[in-house]
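Heads up: the structure comes next, in structure tokens.
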Amino acid sequence: MEGEMDTVVGSSSKPCGPLTDYRIPDYILRPDAQRLLLDHAPPCPVLVFINSGSGGQLGSSLIKTYRELLGEAQVFDVSEEAPDKVLHRLNVNLEKLKMEGDILAVQIWRTLRIIVAGGDGTASWLLGVVSDLKLSHPPPIATVPLGTGNNLPFSFGWGKKNPCTDQESVKSFLGLVRHAKEMKIDSWHIMLRMRATKEGPCDPIAPLELPHSLHAFHRVSSSDSLNMEGYHTFRGGFWNYFSMGKALPVHGHFQLWTLNSLMVWFLVYRGMDAEISYGFHSERKKNPEKFKNQLTNQGTYAKVGLKQGWFFASLSHPSSRNIAQLASVKIMKRAGSHWQELNIHHSIRSIVCLNLPSFSGGLNPWGTPGTRKVEERELTAPFVDDGLIEVVGFRDAWHGLVLLAPNGHGTRLAQAHRIRFEFHKGAAEHTFMRIDGEPWKQPLPKDDDTVVVEISHLGQVTMLANEPCKSKSVHDDQSSHAQHSGHGNDDDDKDSMEDEDEWEDGRRKFGAADTFKIPDEVDIAHLS
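Numbering (the UniProt record's numbering), first residue to last: 1 to 528.
Have a look at this one:
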């Protein structure tokens, strides 16, 4: 197991300093604790949220180490106490202390940083909670890679290998958090509308059993203007990607060792489509005892992909189940502009809407468009705070191999401020969708039914970035990015007010905070 764990790759160590620099007085965290008189506030107070079920046994080991260093009160197991309750309680107590003239409380709130250890789904949970609480000074978030893909940590310089859990490694990480820079990234609201279905099995995940990353999805109330009789409307948010695809199954059995190491490396780290991810999560749900190891998980990912035929889809059936047959796609290039049809070639079977430059373990499907593409198609580099999402298509797993080549990329379809998928009736019984690492099997329309997915820009959150950081801001170099000045988000709230349509009422929340509750049947120990 040690061989699979590492410190943050490529990072020069930063001094941790005394642990008191990170500790928060108990009375700040617990209203019933005795108030202490301190000379000064800790310069880098941190709250730590860890998914004990992530990374095999690493989550539990990390909790133990962090609590040994920082104490019990500021280290939380998300399987035992939901982050929204913790942050809400802390915010209420801090506001009370500030009204009582407690200067220490004011200073701690201004400098507070959050550490979240888990997979991308766990990290997205925290981002959704912070967004929904609408705090006056939302704390920036650092991510510890404890999942399979670890795209969020990798995008911001925290590595993608599972970390060591000893005290020295944790101290080293605290030092990096202390010296990390703050970085804004776009938040993307997503809405799903589908006809209400009867409860029933869809082995092994029920049709409406949305995954944990869809903590963001909250069913609208019957009084909501989005509500339609006979339909369910869900809404939420994501920060890394939304993907969708439908493969043609290949009849026959394939063993992992029948492909060369390059293909296996690709399939493990690329995980191109939501269908592979769904198969992996389904296997993990049925046999959780087999998923205690990051390398084992990645190997299983590859086997699932082979069975589903993503390497052979174009050979066995050239036009079956492509995106154009499943849905019509419309985009809005800029806030307030008109909807446009997005023409997608019949060979495209998988589509990714990407916010960060890391997908399925560190690959960048968008790449950097050349000068001609910039001029002819108005494409730009993939900035994480420009209010645009990159839309990329793939034909099959062979197509994805181009990502291993220098400057390799998928089929660049568009950059958009909003995108809408309207699914055709009768095209297929279902497709597979995935958000920030968590998949689900989505039933598609029958007869006159309708399924619509819409993604739109909605504000920003603050991440903590370590060097080297793959994510780039449109503001990093104003002189070289001057042509992108119209893509910024300074007027995002204004745009939201002016761009009113039937979807607008549903864009006010990501669905976390007080409204979010993990379903009883969901086992948090087996979430990414």
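Note that CB positions come from ideal geometry on N, CA and C, so glycine has one too. What you are looking at is a predicted structure, and each value in this text was computed from that prediction instead of being measured.
| field | Three-way DSSP call (helix, strand, coil) for GLN74 in this model | value | If you number the sequence shown from 1, residue 74 lands on position 74. Three-state result, GLN74: coil.
| DSSP three-state assignment for ARG110, whether helix, strand or coil | Numbered from its first residue, the sequence shown carries residue 110 at position 110. Looking at ARG110 - three-state DSSP - the assignment turns out to be helix.
| query | What's the call for GLY426, buried or exposed, on a 16-neighbour Cβ count within 10 Å? | reply | The residue you call residue 426 lines up with position 426 of the sequence shown. With fewer than 16 other Cβ atoms within 10 Å, it is exposed.
| field | Cβ separation of ILE114 and PRO139, assumed to be a contact under 8 Å, to the nearest whole Å | value | Mapped onto the sequence shown, residue 114 falls at position 114. Mapped onto the sequence shown, residue 139 falls at position 139. That pair is a contact at about 5 Å.
| said: Below 8 Å on the Cβ atoms is my contact criterion, and I expect LEU464 with VAL177 to pass it. Report the Cβ-Cβ distance as a whole number of Å. | reply: Here the question's residue 464 lines up with position 464 in the sequence shown. Here the question's residue 177 lines up with position 177 in the sequence shown. About 6 Å; that satisfies the 8 Å criterion.
| task | Measure the alpha-carbon distance for GLY118 versus GLN340 and round it to whole angstroms. | result | By one-based count along the sequence shown, residue 118 stands at place 118. By one-based count along the sequence shown, residue 340 stands at place 340. So the two alpha carbons sit approximately 38 Å from each other.
| Which listed residue (LEU133, ARG193, GLY121) has its alpha carbon closest to that of GLY149 | Locating residue 149 in the sequence shown gives position 149, where the first residue counts as 1. Among LEU133, ARG193, GLY121, the Cα nearest to that of GLY149 is on GLY121.
| task | Give the single residue among SER243, SER358, VAL452, SER456 whose Cα lies nearest to the Cα of residue 529. | result | Outside the displayed span of the chain (1 to 528) sits residue 529, for which this structure offers no information.
| task | List the whole-angstrom C-beta distance separating ASN162 from GLY55, where the pair is believed to meet the contact cut-off of C-beta under 8 Å. | result | Counting from one through the sequence shown, the residue named residue 162 turns up at place 162. Counting from one through the sequence shown, the residue named residue 55 turns up at place 55. Contact holds; Cβ gap of about 5 Å.
| task | Would you mind giving the Cβ-Cβ distance between THR143 and TRP158, rounded to the nearest angstrom? I have them listed as a contact below 8 Å. | result | Reading the sequence shown from its first residue, position 143 is the one you call residue 143. Reading the sequence shown from its first residue, position 158 is the one you call residue 158. The pair is a contact, with the Cβ atoms about 6 Å apart (cut-off 8 Å).
| query | Cβ atoms of ILE24 and GLN74: under 7 Å apart, would you say? | reply | Here residue 74 corresponds to residue number 74 of the sequence shown, with the count starting at 1. Here residue 24 corresponds to residue number 24 of the sequence shown, with the count starting at 1. Against a cut-off of 7 Å, the Cβ pair of ILE24 and GLN74 comes out as a contact.
| field | Residue range of the alpha helix (DSSP H) that includes ILE28 | value | Taking the sequence shown and counting its residues from 1, one reaches residue 28 at position 28. Here the alpha helix (DSSP H) through ILE28 covers 26-29.
| said: Taking 7 Å as the limit between beta carbons, can you name the residues of its chain near TYR27, skipping five residues before and five after? | reply: Walking along the sequence shown from the start, residue 27 turns up at place 27. Around TYR27: ALA33, GLN34, ARG35, LEU36.
| Helix, strand or coil: which one does DSSP assign to VAL86? | Taking the sequence shown and counting its residues from 1, one reaches residue 86 at position 86. The answer is helix: DSSP assigns VAL86 an H, G or I state.
| Does the stretch 440-449 touch the stretch 353-370, meaning 3 or more C-beta pairs lie closer than 8 Å? | no
| message | With three or more C-beta pairs closer than 8 Å as the rule, is the stretch 164-175 touching the stretch 426-440? | response | no
| field | Where the beta strand (DSSP E) through TRP188 begins and ends | value | Position 188 of the sequence shown, counted from the start, is the residue given in the question as residue 188. Per DSSP, TRP188 belongs to the beta strand (DSSP E) from 181-195.
| Among residues of its own chain, excluding the 5 on either side of ARG110, which ones have a beta-carbon nearer than 8 Å to its beta-carbon? | Numbered from 1 along the sequence shown, position 110 holds the residue referred to as residue 110. Same-chain partners within the cutoff: HIS137.
| field | Beta-carbon proximity list for GLY101, same chain, < 8 Å, skipping 5 on both sides | value | As a first step, residue 101 must be located in the sequence shown, where it is residue number 101. Result list for GLY101: empty, nothing under 8 Å.
| query | Can you give the beta carbon distance from ARG193 to TYR231, rounded, assuming they're within the 8 Å contact cut? | reply | In the sequence shown, residue 193 corresponds to position 193, counting from 1. In the sequence shown, residue 231 corresponds to position 231, counting from 1. With a Cβ gap of about 6 Å, ARG193 and TYR231 count as contacting.
| Alpha-carbon spacing of ASN355 relative to PHE238, whole angstroms | Mapped onto the sequence shown, residue 355 falls at position 355. Mapped onto the sequence shown, residue 238 falls at position 238. The straight-line gap from Cα to Cα measures roughly 9 Å.
| Could you give the residue range of the beta strand (DSSP E) that holds PRO439? | Position 439 of the sequence shown, counted from the first residue, corresponds to residue 439. First-last of the beta strand (DSSP E) with PRO439: 438-443.
| Counted within 10 angstroms of its Cβ, other Cβ atoms place ILE103 as buried (16 or more) or exposed | Working through the sequence shown from its first residue, we reach residue 103 at position 103. By the neighbour-count rule (16 or more Cβ atoms within 10 Å), ILE103 is not buried but exposed.
| query | Using the beta-carbon count (16 or more within 10 Å), is MET99 buried or exposed? | reply | Your numbering for residue 99 matches position 99 in the sequence shown. Classification of MET99: exposed, given that the 10 Å Cβ count is below 16.
| task | Starting from SER473, trace the alpha helix (DSSP H) both ways and give me its first and last residue. | result | Along the sequence shown, one-based indexing puts residue 473 at 473. Looking at the DSSP string, SER473 is not in any alpha helix (DSSP H), and its letter there is neither H nor E.
| request: Indicate whether GLY387 and HIS417 have their beta-carbon atoms separated by less than 7 Å. | output: By one-based count along the sequence shown, residue 387 stands at place 387. By one-based count along the sequence shown, residue 417 stands at place 417. In this structure, HIS417 lies closer than 7 Å to GLY387 by Cβ.
| query | Alpha carbon to alpha carbon, how far is LEU146 from ASN51? | reply | Position 146 of the sequence shown, counting from 1, holds the residue named residue 146. Position 51 of the sequence shown, counting from 1, holds the residue named residue 51. If I take the Cα positions, the gap works out to 9 Å.
| request: Measure the CB-CB distance between GLY370 and SER187 and report whether it falls below 7 Å. | output: Against the sequence shown, residue 370 aligns to sequence position 370. Against the sequence shown, residue 187 aligns to sequence position 187. Their beta carbons are not under 7 Å apart, which means GLY370 does not touch SER187 by this criterion.
| said: Check this for me: beta carbons of SER350 and SER155, under 7 Å apart or not? | reply: By 1-based counting over the sequence shown, the position of residue 350 is 350. By 1-based counting over the sequence shown, the position of residue 155 is 155. Their beta carbons are not under 7 Å apart, which means SER350 does not touch SER155 by this criterion.
| query | For GLY437 versus LEU413, is the C-beta distance shorter than 7 Å? | reply | Start at 1 with the first residue of the sequence shown, and residue 437 comes out as number 437. Start at 1 with the first residue of the sequence shown, and residue 413 comes out as number 413. Not a contact, by the Cβ cut-off of 7 Å.
| What is the DSSP secondary structure of GLY121, counted as helix, strand or coil? | One-based indexing of the sequence shown puts residue 121 at position 121. DSSP places GLY121 in helix when its eight states are reduced to three.
| request: Starting from ARG412, follow its DSSP beta bridges and name the residues at the other end. | output: Here residue 412 is taken as the residue at index 412 of the sequence shown, counted from 1. Paired residue(s): VAL392.
| said: Between which two residues does the beta strand (DSSP E) holding PRO145 run? | reply: The residue labelled residue 145 in the question sits at position 145 within the sequence shown. Run containing PRO145: 141-145, per the beta strand (DSSP E) assignment.
| message | As a quick exercise: from LEU62, ARG235, LYS330, LEU152, pick the residue whose alpha carbon is nearest that of VAL384. | response | Looking up residue 384 in the sequence shown gives position 384. When only C-alpha atoms are compared, the closest one is LEU152.
| Run of the alpha helix (DSSP H) containing ASP368, from where it starts to where it stops | Against the sequence shown, residue 368 aligns to sequence position 368. Note on identity: in this sequence residue 368 is Thr, with Asp being the wrong assignment. First-last for THR368: undefined, no H or E at that position.
| request: Determine the burial state of ASP476: buried for a count of at least 16 other Cβ atoms within 10 Å of its Cβ, exposed for fewer. | output: The residue you call residue 476 lines up with position 476 of the sequence shown. Its Cβ having fewer than 16 others within 10 Å, ASP476 is exposed.
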